[in-house]
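Undergrad:
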Amino acid sequence: MVGSLNIAANHTRPDIAFATSRLASVVSRPSHEQLEAAKRLVRYVSATASVGLEYSGVRQRLQRGAADVKSGEMLLSCYTGASFNSVKADGTSIGGYVCLLGGGAVSWRSKKQNEVGLSSCETEYMALHHGAKEVVWLMRLLEELGVGQEEPTVVFCDNESAVKLAKNACLHGLTKHIRPKWHWVRRLLDKEVRLEIVKTHQQAADIFTKPRLARVANLDGLVGKGQMSKLGFL
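Structure below.
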């Protein structure tokens, strides 16, 4: 059951990525409550079978934390985020990202972080690292397809401390313990990646790091989710 949900979550249904990721972490020994949660998720997918990803075919012009659609341009963008200390069993956090192109999501991830972050800044910084890696791969793929972009990809993060940590290479007592590999994103700044702060209510990555509360569900439109009947598929 969870395996089938995972296929949908990885390819066409970013809205169930968080729930599927959490279910996959307990698939070896599920409790009755977790089994019921999996059945509830199956019912949700069945009831929303007409939902799909919409690609407008236009490029996005990105300015200071907001995406402003402009015809004739197509720019890759990315949102990264993390939910600090959300896995109470071991103190780890859930990290996630979503990459957008043509008005819709083309790549996304929701996964428990392997390391315990000591602050929300640190967990957001690790999520930023994974999002930047995906951006670099997508930019190279687009270049091979002949539709590469010359300007850096904008990566949005709603944690100001994490953005400042990436932009400022100075050693600080509260962050000197962070593993060197997480600082890799600094090498990409202004070359392949440009970091911007986004307001929390516009943070599209929240649907990959938090349960589907009302505020999180309202973010679906930011990743291109729409009714396929309106898009001409049904």
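Take the sequence shown: its position 102, counted from the start at 1, is 1582 in my numbering, and no numbers get skipped.
Beta carbons: idealized from backbone N, C-alpha and C, even for Gly.
Quick check: Leu1521 and Ile1496, are their CB atoms within less than 8 Å of each other?
TA: Yes, these two residues count as a Cβ contact at 8 Å.
Undergrad: I need the straight-line Cα distance from Val1531 to Glu1614, nearest angstrom please.
TA: Their Cα atoms are separated by approximately 25 Å.
Undergrad: Going straight from the alpha carbon of Ser1526 to that of Cys1579, what length do you get?
TA: Between Ser1526 and Cys1579, the C-alpha separation is close to 26 Å.
Undergrad: Suppose only complete runs of 3+ residues qualify. What are the beta strand (DSSP E) ranges in the region 1580-1663, listed by chain order?
TA: List check, beta strand (DSSP E) in window: 1584-1592, 1633-1637.
Undergrad: Considering only the alpha carbon of each residue, which of Gly1561, Cys1650, Gly1584 lies closest to Thr1680?
TA: Considering only alpha carbons, the answer is Gly1561.
Undergrad: In terms of DSSP beta bridges, what is Gly1576 paired with?
TA: Per DSSP, Gly1561, Ser1590.
Undergrad: If we ignore side chains and look at the alpha-carbon of each, how far apart do Phe1564 and Glu1631 end up?
TA: Rounded to whole angstroms, Phe1564 to Glu1631 spans 32 Å at the Cα level.
Undergrad: Check this for me: beta carbons of Tyr1577 and Cys1558, under 8 Å apart or not?
TA: Against a cut-off of 8 Å, the Cβ pair of Cys1558 and Tyr1577 comes out as a contact.
Undergrad: Leaving out five residues on either side along the sequence, give the residues of the same chain with a beta carbon under 7 Å from the beta carbon of Val1507.
TA: Contacts found: Val1482.
Undergrad: So, with DSSP's three-state summary, where would you put Glu1672?
TA: Three-state DSSP puts Glu1672 in coil, outside helix and strand.
Undergrad: Please report the distance separating the alpha-carbon of Leu1668 from that of Ala1607.
TA: If you take the alpha carbons of Leu1668 and Ala1607, they lie about 15 Å apart.
Undergrad: Would you tell me roughly how many angstroms separate the C-alpha atoms of Glu1595 and Glu1623, rounded to the nearest one?
TA: Approximately 33 Å between the Cα atoms of the pair.
Undergrad: Judging by CA-CA distance, which residue of Thr1528, Ser1484, Arg1493 is the nearest neighbour of Ala1518?
TA: Closest by alpha carbon: Ser1484.
Undergrad: DSSP three-state call for Leu1533: helix, strand or coil?
TA: Looking at Leu1533 - three-state DSSP - the assignment turns out to be strand.
Undergrad: Count the other CB atoms within 10 Å of the CB of Cys1719; is the residue buried (16 or more) or exposed (fewer)?
TA: Outside the displayed span of the chain (1481 to 1714) sits residue 1719, for which this structure offers no information.
Undergrad: At which residues does the alpha helix (DSSP H) containing Lys1568 begin and terminate?
TA: Careful: Lys1568 lies outside any alpha helix (DSSP H) and carries neither H nor E.
Undergrad: Which same chain residues end up closer than 7 Å to Trp1662 when comparing Cβ atoms and leaving out the 5 residues on each side of it in sequence?
TA: For Trp1662, where only same-chain residues beyond five positions count, the Cβ hits under 7 Å are Tyr1605, Met1606, His1609.
Undergrad: Whose CA, out of Arg1523, Val1616, Leu1702, Ser1501, lies closest to the CA of Gly1754?
TA: Residue 1754 cannot be examined here, being either before or after the span of the chain that is shown, 1481 to 1714.
Undergrad: Which term fits Arg1572, buried or exposed, when burial requires 16 or more other beta carbons within 10 angstroms of its beta carbon?
TA: It is worth fixing the name first, because residue 1572 is Thr in this sequence and not Arg. Buried: at least 16 other Cβ atoms inside 10 Å.
Undergrad: Taking the continuous alpha helix (DSSP H) assigned at Ser1526, which residues delimit it?
TA: Element bounds for Ser1526: 1512-1527.
Undergrad: For the alpha helix (DSSP H) that contains Leu1485, what are its first and last residues?
TA: Its alpha helix (DSSP H) spans residues 1482-1491.
Undergrad: Give the straight-line distance between the Cα atoms of Asn1486 and Gln1593, rounded to the nearest whole angstrom.
TA: Rounded to the nearest angstrom, the two C-alpha atoms are 18 Å apart.
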